[in-house]
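Below is one structure, written out as structure tokens; the observations come after it.
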Amino acid sequence: MKLNLNNADNLPIFRQVALALQQKILVGELQPGERLPVETVLASDNSIHRSTVREAIRSLEQLGLVRREPGKRKLFVSAPDTQELSRRLITPMVMNGVTFEEIWEAISALDPAAAEAAARRRTLDDLKALEDNIAQTRAALGDPDKLVRLDIEFHELIAIAAGNRVIQALRLPISDLFYPSFQAVMSGLNASERLLTAHEKILQAIKWGDADEAREWMAKHLNDFRKGYELASLDMSDPAALPPAKVKD
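Here's what the structure looks like:
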């Protein structure tokens, strides 16, 4: 397989190889499940060292675009796992000092749009999952830790019901970074009833297909969180931290 490489380019050759292969995958010249030439063939076809090809393949594996069969040298094109890739955003955001204010602003833009889209596209399975979540929330009003997990699940279910893969991918790292701050609010304030009411109103609007009402109630719900954050004497300008390990019920 001949690749378009340029020795005069400022990019290292292994990066050029990786980008050339990535482009072939993105434009469909290489399809998921299709076998790639082995490293020695790629190296020979492009007059480069095998170690250069190996480094390029490694970077594509990290992106989820290439996989190896366990215990074998065969390389295959693969479709990256959206959840795994989107959650890789967490570490750079934390290391760059992203604040809870920034996270809240992102959620305030994303979640009302997700609720609006969910009201138009929700399926019976989406509604069932949301109803189950609210039933569990109603039963967990005295358990702040469980309420936090259920609230985050509720918002992720809304993103799924929106039928928009971009929203779903963006929501995952935001949820993980949002967890510690929301846990602090729920532990310090008796806001469980307000949370349940907001969720019920949002679900009702989604059931009825009322996009405007769904958006409006989602915005109210998020504004309530901000007020609760301030009432709990927490600083929105504090940097976000890596989320704690998730504990199963």
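In our numbering, the protein residues as written are 34 to 282. Every residue gets a Cβ at the ideal spot worked out from N, C-alpha and C, and that includes glycine.
Name the residue from the options whose alpha carbon lies nearest to the alpha carbon of residue i.
i	options	result
Arg-259	Arg-198, Ile-136, Leu-75 and Asp-176	Ile-136
Glu-249	Ile-207, Ser-141 and Arg-198	Ser-141
Ala-155	Ile-235, Glu-88, Glu-67 and Leu-98	At residue 155 the sequence reads Arg, which differs from the Ala that was named. Here the closest residue by C-alpha is Ile-235.
Pro-272	Gln-201, Thr-170, Glu-149 and Ile-123	Ile-123
Gly-175	Glu-226, Pro-70 and Val-74	Glu-226
Ile-191	Asp-144, Pro-177, Ala-51 and Glu-134	Asp-144
Glu-186	Gly-196, Asp-165 and Asn-197	Asp-165
Ala-148	Lys-161, His-254 and Leu-75	His-254
Quick one: is residue i buried, meaning 16 or more other Cβ sit within 10 Å of its Cβ, or exposed?
i	result
His-82	exposed
Met-126	buried
Ser-80	exposed
Val-86	buried
Val-280	Any reading at Val-280 must be qualified, since the residue scores a pLDDT of 44, below 50, and its modelled position is unreliable; no value is offered.
Which class does residue i belong to by DSSP, given the choice of helix, strand or coil?
i	result
Leu-108	strand
Arg-154	helix
Leu-283	The question about residue 283 has no answer here: the residues shown for the chain are numbered 34 through 282.
Arg-48	helix
Lys-57	helix
Asp-176	coil
Leu-183	helix
Ser-80	coil
For residue i, list the residues DSSP reports as bridge partners.
i	result
Val-99	Val-110
Thr-132	Pro-272
Taking only heavy atoms of the ligand SAM into account, decide whether any of them is closer than 6 Å to the Cβ of residue i.
i	result
Phe-47	Questions concerning the ligand SAM fall outside what the structure shown contains, since it holds no ligand whatsoever.
Any chance you could list the beta strand (DSSP E) runs of at least 3 consecutive residues sitting entirely within the region 221-272, in chain order? none
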